[in-house]
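**Q**
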Amino acid sequence: MALTLDDKLVVAISSRALFNFEEENRVFEHGNDRAYVELQRQRLDAPAAPGVAFSLVRKLLAFNQADHQRVEVVLLSRNDPVSGMRVFRSCQAHGLPSVQRGVFTQGRDPFGYLRPLGAHLFLSANEEDVRAALHLGYPAARVVTESVQAGDAHPHEVRIAFDGDAVLFSDEAERIYQAEGLAAFQRHEIDKAAQPLPDGPFKPLLAALHRLQQAGSADMRIRTALVTARSAPAHERAIQTLMSWNIAVDEAMFLGGLEKGGFLREFEPDFFFDDQTGHVASAARHVPAGHVSSGIANTR
3 MALTLDDKLV VAISSRALFN FEEENRVFEH GNDRAYVELQ RQRLDAPAAP GVAFSLVRKL
63 LAFNQADHQR VEVVLLSRND PVSGMRVFRS CQAHGLPSVQ RGVFTQGRDP FGYLRPLGAH
123 LFLSANEEDV RAALHLGYPA ARVVTESVQA GDAHPHEVRI AFDGDAVLFS DEAERIYQAE
183 GLAAFQRHEI DKAAQPLPDG PFKPLLAALH RLQQAGSADM RIRTALVTAR SAPAHERAIQ
243 TLMSWNIAVD EAMFLGGLEK GGFLREFEPD FFFDDQTGHV ASAARHVPAG HVSSGIANTR
């Protein structure tokens, strides 16, 4: 029987999202590909420091057991194969030996490989790759590499926070807000309170996390939070939507436009996903954050 990843939560991640390759990337961005490859070759035996998404990956992999691998993390990178060797060595050095698969495209678009992987999440520092992945229907976010890294206060919980509209849910209601203002948005959501919102790009990830949590682990659990600019009475439609999916979040924050960063600092997620750059910037000062380039807020 052919090996398959169908029964696993699959995370595809770029080198810069998993490890801190910012110094090397500056060499690459100066247009000197050869110097970049040579620098990576010189540093083959020097493990890269953990990057913004390292905590999320490490904790998700803790769901794996010797007799049952529930999570697969695959490196999906524009790096060259030599640099890829350093990434794999860095994984070994930092206690991630189960990261064994990778695709390195040497500058070419890597996102097409999400299809054969069946990825539930793609994390990259490359905005164009993220947009392309979202267009193909995969949950994807641009990792803000200058984000504060996750703390270690919750070693046995994978903590993930999501914005609602244009992330977990579609941007249907956000379009009303952008076009007609807050009062029209509130009326629209009151009128449709019992009607679930259409799925957003990150619904498949939330569902996969729910399945992983239901499978259970003695060493790790998942704690999720909905962190949204909605407030009462528009909160009801968001909750009704989650109920219609038969998926519960552990915490819900209806902030009515308050800055999200301080609330996320208290929740301490291993990662936060939002479609609006202002919210992402606020979050990144306190927690690992990623920008989801979807919805009306990202079409202007």
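Using the working numbering, the first residue of the sequence shown is number 3, and each one after it goes up by one.
Built from N, CA and C at the ideal position, the CB exists for glycine as well.
Count the other C-beta atoms from every protein chain shown that fall within 10 angstroms of the C-beta of Ser149, then say buried if there are 16 or more, exposed otherwise.
**A** Burial call: buried.
**Q** Relative to the C-alpha of Gly33, which residue among Glu74, Pro83, Ala175 and Gly109 is closest?
**A** Looking at the Cα atoms, Gly109 is the closest of the given residues.
**Q** Do Val145 and Ala19 have their C-beta atoms within less than 7 Å of each other?
**A** Yes.
**Q** Would you be able to state if there are at least three C-beta pairs under 8 Å between the stretch 214–228 and the stretch 197–206?
**A** These segments do not touch.
**Q** Hey, Phe65 and Met255 are a contact pair by Cβ (cut 8 Å); roughly how many whole angstroms apart?
**A** Incorrect: roughly 26 Å between the Cβ atoms, too far for contact.
**Q** Alpha carbon to alpha carbon, how far is Ala143 from Val39?
**A** Ala143 and Val39: Cα-Cα distance of roughly 26 Å.
**Q** State yes or no: is the C-beta of Leu11 within less than 7 Å of the C-beta of Val73?
**A** It is a contact, given that the beta carbons lie within the stated cut-off.
**Q** Taking Cβ positions, are Ser233 and Gly258 nearer each other than 7 Å?
**A** Yes; because the gap between Cβ atoms is below 7 Å, this pair is in contact.
**Q** Would you kindly work out how many angstroms separate the C-alpha atoms of Ala196 and Ile162, rounded to a whole number?
**A** Ala196 and Ile162: Cα-Cα distance of roughly 26 Å.
**Q** Hey, quick one: how far does the beta strand (DSSP E) through Thr226 stretch, first residue to last?
**A** Unbroken beta strand (DSSP E) run through Thr226: Arg223 to Thr230.
**Q** What are the residues that DSSP puts in a beta bridge with Leu125?
**A** Leu125 pairs with Ile15 and Ala143.
**Q** Measure the C-alpha to C-alpha separation of Ala209 and Trp247 and round it to an integer number of angstroms.
**A** So the alpha carbons of these two residues sit roughly 8 Å apart.
**Q** Verify whether the separation of the beta carbon atoms of Gly292 and Ala168 is less than 7 Å.
**A** Not closer than 7 Å, so no.
**Q** Mark Ile192 as exposed unless 16 or more other C-beta atoms lie within 10 angstroms of its C-beta, in which case mark it buried.
**A** When all chains shown are included, Ile192 counts as exposed.
**Q** How about Ser79 and Ser172: are their beta carbons less than 7 Å apart?
**A** The answer is no: Cβ separation not under 7 Å.
**Q** As a quick exercise: from Asp131, Thr6 and Arg267, pick the residue whose alpha carbon is nearest that of Asp154.
**A** Among Asp131, Thr6 and Arg267, the Cα nearest to that of Asp154 belongs to Arg267.
**Q** Could you compute how far the alpha carbon of Glu325 sits from the alpha carbon of Leu170?
**A** With the chain represented from 3 up to 302, any question about residue 325 goes unanswered, as that position is not in the structure.
**Q** Going by the DSSP bridge assignment, what does Arg103 pair with across the sheet?
**A** For Arg103, which the question treats as bridged, DSSP gives the partners Val76.
**Q** Just to confirm, are Tyr140 and Ala127 a CB contact at a threshold of 7 Å?
**A** No; because the gap between Cβ atoms is not below 7 Å, this pair is not in contact.
**Q** Can you tell which of Glu261, Leu260 and Asp272 has its C-alpha closest to the C-alpha of Ala227?
**A** Of the listed residues, the one whose Cα sits closest to Ala227 is Asp272.
**Q** Which whole-angstrom value describes the C-beta separation of Val98 and Val59, a residue pair presumed to lie in contact below a C-beta threshold of 8 Å?
**A** First, the residue type needs correcting, since residue 98 is Leu and not Val in the sequence shown. That pair is a contact at about 7 Å.
**Q** Taking only the alpha-carbon atoms, compute the straight-line gap between Glu174 and Ala240 and give it to the nearest angstrom.
**A** If I take the Cα positions, the gap works out to 12 Å.
**Q** Buried or exposed, going by whether 16 or more other CB atoms sit within 10 Å of the CB of Arg117?
**A** It is exposed - the Cβ of Arg117 has fewer than 16 other Cβ atoms within 10 Å.
**Q** Nearest by alpha-carbon distance to Pro290: which of Ser57, Leu138 and Asp69 is it?
**A** Comparing Cα-Cα distances from Pro290 to each of Ser57, Leu138 and Asp69, the minimum goes to Ser57.
**Q** Between the alpha carbons of Thr107 and Gln44, how many angstroms are there, rounded?
**A** Each residue's Cα considered, the two are about 20 Å apart.
**Q** Phe164 and Phe275: beta carbons closer than 7 Å?
**A** Yes, they are a contact pair.
**Q** Give the C-beta separation of Lys194 and Val229 to the nearest angstrom, bearing in mind that I take them to be a contact with Cβ-Cβ under 8 Å.
**A** Not quite, the Cβ-Cβ distance comes to about 22 Å (not below 8 Å), so this is no contact.
**Q** Just verifying my parser: in three-state terms, what is the DSSP assignment at His288?
**A** In the structure shown, His288 sits in coil (DSSP, three-state: anything other than H, G, I, E or B).
**Q** Starting from Val160, follow the alpha helix (DSSP H) in both directions and report where the run begins and ends.
**A** From DSSP, Val160 is part of no alpha helix (DSSP H) but of the beta strand (DSSP E) over Glu159 to Phe164.
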